[in-house]
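Q: Please read through the structure below; I'll follow up with questions.
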Amino acid sequence: MSRDTSDMAAARDGVTDLTAGFRDPATGEFRQETMIINMGPQHPSTHGVLRLLLELDGETVIRCKPVIGYLHTGIEKNTEYRTWVQGVAFVTRADYLSPFFNELGYCLGVERLLGIEAPPRAQVIRVLVCELNRIASHLIYLATGGLELGAVSVMLYGFREREIILDLFEAITGLRMNHAYIRPGGVLMDLPEEGPQKIRDILRILPGRIDEYETLLDDNPIWRERNEGVGVLRADEALALGVTGPVLRAAGVPADLRKDMPYAGYETYDFDVPVRTEADAYARYRIRIEEMRESLKIAQQAFERLDETPGPVMVADPKVGWPPKLSVGPDGIGNDPAYLRHIMEESMEALIHHFKAVTQGVEVPPGEVYSAVESPRGELGFHIVSTGEHRPYRVKIRDPSFVNLQALPAMIEGYLVADSVAANASIDPVMGGVDR
Amino acid sequence: MPAERFEGVHLGKTPEEVEEEVERGVLVTTLDRAVGWARKQSMWPATFGLACCAIEMMSAGAGQYDLSRWGMELFRASPRQADLMIVAGRVSQKMAPVLRRIYDQMVEPKWVISMGVCASAGGMFTNYAIVQGVDTIVPVDIYVPGCPPKPEMLMYGILKLQGKVRTSEPFR
Amino acid sequence: MSPEDLAQRVRSRFPDVVVTRGEVTVVLERDDLLDGLGWLRDEDGVELGFLSSLSATHWPDAEPAFWVDYELRSMTRLHRIRVKVGLPAEDPHVPSVTPMFPTANWHERETFDFFGVVFDGHPELTRILLPDDWEGHPLRKDEPLGGVPTWFHGATVPPIDDRGMA
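Protein chains in written order, with our numbering: chain U, 1 to 436; chain L, 1 to 172; chain P, 1 to 166.
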């Protein structure tokens, strides 16, 4: 076919203009209207039930308005009607990908109100499970982030590694997710017999697997193209918007509560906090990979410390500690038979006391605290108010995803709509925490 | 799969039982059986993961507890292309109309598995914010309890559903 | 700065400062709020320029009925402070801090959604977590928990707030 434009112009004469419907009849120019589209709440790529209202001009996002609340559970109101220990079971389901951090923040707050401290062995176990949970959460970031950007095999690898860690959690706490293991005063039970061997396996296998992720994704041209320069959020914007966690550290601010305001013994562990300056999605990816390695370092130190810190895993005060002293018996996890004999056969007061301890629990002195931990997504804070009863008066969960999601419009306005998926994945929000 | 393949297959029913069924009018023909088998072999779930149960559902679809053994690894994002909706997670009041709309968009035949106690009965959240059981909004075929149910529990529920599909009358 | 030093420093400007359990709490009047937060942010050595959290508590039979609390954190000096403002029941208005701390945008919407506290000067004060047509403010103490009774064969168990157990 000839490329002679005069021929084509001649052929076009006498044919109706196919673009007539797209032109403004008055001026003859193409109409420039923006389009408002709705992404979600049921969408494969929005990381859960998040609804994004996007105003698009072609492919460019002009305005973005996230609509949240599709997973609002009323956890905060529910804790006001349950005892302090039952609060752990509610609070652990807020940010469901890092349940141990929810429990740890809440229990540190309750312990500060009570004026007690968990025994040293319990603190070491807490740090161990929290750091392994951080690794599991970052693996989900890799898996779902990769899936949303089209790298489906990363999803399968991420979940494969996660299964090893969840297997350990199931051996220690009885559940794969939402464990309710960290309680005010310590942890529920000591490690089972097969626990140390499983931990050793994890510490041996995971470094090689993280190397595999780096080999697969680090210099992958598609991964780099889709993540470099995408979702840029500079340090001043991030601090103004209250963003914490890997998103803030990618912008050059070395803020990490484990170093800045240490808790649960973190000041005694030797680890680094990875910081980058590019402030884009690729920097956040690199930070999370390096954080996984640092978490392995901390887990290694905590595991070695376990042999040097024997002792109870719950405070001795009978009002605070869970009465039956659970341990792994011949029928699985069971009550201590000596304790059962004592309350059922020997002492009526012990039975009454056991009953009160289980149904009402401890009475926490009046006051308020704000206790914050560094969850995989940022600062996870609990503002707990007590009036001296056996249940909380108010538990406010400051969830990092709730605050980080506010920064999404700042990240994607002015960029392409396909980049909004990559930016959202790089924030790694968990809608359970956003909506609570 | 042509229906002739099933002739001569031992049906497991005595002639008296077959007569009874004919009298009751609930005879499942070999064609029904073939269609039921085909339907249960390749169900496509719709992505409706809401909360913690969604992570266990993803684990069930991942490498270790492989849903692809039953032809279900392909989660369809568009409800028009899906025939199974696994409601995985707590349904809030704001999400309930969306749930109903997705269910209505699915084309017959369709089934619903309510995964976890939050979807089945409201779970531990008996409060203002959570719908106390999705069976108040959509008809549910299988309830899988647990908080969250292990992937093996979800697979057991799916196999029960497949048994139900295989022996049901497809052309109502 | 240690909590005691910080409290000493802040007491030079505000009289009502308390240190308990290692945490510093400042109680401000509603009209003094924006100036107070500005001083806490700009004062050399105090530098509390990061708003971590913003929430409220409802005390139905007390005066003030609502306490709005602001958790501030210093990224440079690594300390925290809590600022509290009391509001009367019949006039739950407080100036919005969103112009000063953009992160307060969603926090104030959530507090309005749950408690009905109105933040004057907020760019868009609408419900955020509950459906837009929800009536009432559920986290107030006079609102019920909600929920339905649990049905068993031959008996029902009412929801937790109706069971008559303390």
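The beta carbon of each residue, even a glycine, is placed where N, CA and C say it ideally should be.
Please name the residue in L:LYS164, L:ASP83, L:SER68, L:GLN41 whose C-alpha comes closest to that of L:PRO109.
A: Selected option, being the one with the closest Cα: L:ASP83.
Q: Could you spell out where the alpha helix (DSSP H) holding P:THR25 opens and where it closes?
A: No alpha helix (DSSP H) holds P:THR25; the beta strand (DSSP E) holding it covers 23-28.
Q: How many Å lie between L:THR167 and L:GLY89 at the Cα?
A: Between L:THR167 and L:GLY89, the C-alpha separation is close to 28 Å.
Q: For U:ILE125, I'd like the list of residues in its chain whose CB is within less than 6 Å of its CB, leaving aside the five on either flank, ordered along the chain.
A: These residues qualify, in order along the chain: VAL187.
Q: Provide the residue span of the beta strand (DSSP E) that contains P:TRP39, from first to last.
A: P:TRP39 -> not in any beta strand (DSSP E); alpha helix (DSSP H) instead, spanning 33-42.
Q: Would you list the residues sitting across from U:VAL385 in a DSSP beta bridge?
A: Note: U:VAL385 sits in a beta bridge opposite U:GLU368, U:ARG394.
Q: L:TYR128 touches chain U at which residues, Cβ-Cβ below 9 Å?
A: Under the 9 Å cutoff, chain U gives GLY74, LYS77.
Q: Output, in sequence order along the chain, the residues in the region 164-183 of chain U whose CB is closer than 9 Å to any CB in chain L.
A: If the cut-off is 9 Å between Cβ atoms, the region 164-183 of chain U has LEU166, GLU170, LEU175, ARG176, MET177, ASN178 near chain L.
Q: With 8 Å set as the bound, which would you pick, yes or no: does the beta-carbon of P:ILE128 sit closer than that to a beta-carbon of chain L?
A: No, P:ILE128 does not count as interfacial toward chain L.
Q: Got a sec: is the Cβ-Cβ distance from U:ALA89 to anything in chain L below 8 Å?
A: Answer yes: the Cβ-Cβ gap between U:ALA89 and chain L drops below 8 Å somewhere.
Q: Can you check DSSP and say which residues form a bridge with P:TRP106?
A: Answer is none; P:TRP106 lacks a bridge partner.
Q: State the DSSP-derived secondary structure class of U:TYR70, mapped to helix, strand or coil.
A: Coil, per DSSP.
Q: Closest to L:PRO151 by C-alpha separation, out of L:ILE142, L:VAL138, L:GLY116, L:ASP141, would be which residue?
A: Closest option to L:PRO151, Cα to Cα, is L:GLY116.
Q: Under a three-way DSSP split, which group does L:GLY163 fall into?
A: The answer is helix: DSSP assigns L:GLY163 an H, G or I state.
Q: Give me the residue from U:LEU168, U:ASN220, U:ASP428, U:GLN86 with the minimum Cα distance to U:CYS130.
A: Ranking the options by Cα distance to U:CYS130, first place goes to U:LEU168.
Q: If we define contact as Cβ-Cβ less than 8 Å, is P:PRO159 a contact residue for chain L?
A: Yes, its Cβ sits closer than 8 Å to a Cβ of chain L.
Q: Comparing the CB of U:ILE352 with every heavy atom of the ligand FMN, is any distance shorter than 7 Å?
A: This structure simply doesn't include the ligand FMN, nor any ligand for that matter.
Q: Buried or exposed: which applies to U:ASN38, given that a residue is buried once 16 or more other Cβ atoms fall within 10 Å of its Cβ?
A: Exposed, since its Cβ has fewer than 16 Cβ neighbours within 10 Å.
Q: Take L:GLY71 as the anchor and find which of L:CYS52, L:TYR128, L:GLN41, L:ALA119 has the nearest alpha-carbon.
A: Out of L:CYS52, L:TYR128, L:GLN41, L:ALA119, L:GLN41 has the C-alpha closest to the C-alpha of L:GLY71.
Q: Compare the Cα-Cα distances from P:ASP69 to each of P:GLY146, P:LEU78, P:MET1, P:ALA104 and report the closest residue.
A: Ranking P:GLY146, P:LEU78, P:MET1, P:ALA104 by Cα distance to P:ASP69 puts P:ALA104 first.
Q: Quick one: give me the first and last residue of the beta strand (DSSP E) that L:ALA88 is part of.
A: First-last of the beta strand (DSSP E) with L:ALA88: 84-88.
Q: Relative to the C-alpha of P:LEU130, which candidate in L:LEU74, L:SER78, L:LEU161, L:MET95 has its C-alpha closest?
A: Cα-wise, what sits closest to P:LEU130 is L:MET95.
Q: Please state if the CB of U:VAL373 and the CB of U:TYR263 are separated by a distance shorter than 8 Å.
A: Cβ distance < 8 Å, so U:TYR263 and U:VAL373 count as in contact.
Q: Tell me whether P:TRP151 is buried or exposed, calling it buried when 16 or more other Cβ atoms sit within 10 Å of its Cβ.
A: By the 10 Å Cβ count, P:TRP151 comes out exposed.
Q: U:PRO337 CB to nearest chain L CB: under 8 Å?
A: Closer than 8 Å: no.
Q: Return the chain-ordered list of same chain residues with a C-beta closer than 8 Å to the C-beta of U:GLU80, the five sequence neighbours on each side being excluded.
A: So the qualifying residues of the chain are ARG391, PRO392, TYR393, ARG394, VAL395.
Q: Where are the alpha helix (DSSP H) runs, 4 residues long or more, that stay fully inside the region 40-122 of chain P, in chain order?
A: 104-115, all fully within the region 40-122 of chain P.
Q: By the three-class DSSP mapping on this structure, what secondary structure does U:LEU241 have?
A: The answer is coil: DSSP assigns U:LEU241 none of H, G, I, E or B.
Q: Report the three-state DSSP secondary structure of L:GLU4 (helix, strand or coil).
A: Its pLDDT being 45, under 50, L:GLU4 is placed unreliably in this model, and the value from its coordinates should be taken loosely. The answer is helix: DSSP assigns L:GLU4 an H, G or I state.
Q: Anything in chain L within Cβ reach of P:LEU145, meaning under 9 Å, just list it in chain order.
A: By Cβ distance, chain L contributes THR126, ASN127, TYR128.
Q: Within 10 angstroms of its Cβ, does U:GLN42 collect 16 or more other Cβ (buried), or is it exposed?
A: By the 10 Å Cβ count, U:GLN42 comes out buried.
Q: Taking only beta carbons into account, state which residues of the region 62-86 of chain L come closer than 7 Å to chain U, listed in chain order.
A: Here the close residues are ALA62, GLY63, GLN64, ALA77.
Q: At a CB-CB cut-off below 8 Å, which residues of chain U make contact with P:THR20?
A: What P:THR20 touches in chain U: GLY367.
Q: Could you tell me the boundaries of the beta strand (DSSP E) in which P:ALA155 lies?
A: Counting along the chain, the beta strand (DSSP E) containing P:ALA155 begins and ends at 155-157.
Q: Consult DSSP for U:PRO429 and reduce its assignment to one of helix, strand or coil.
A: DSSP places U:PRO429 in coil when its eight states are reduced to three.
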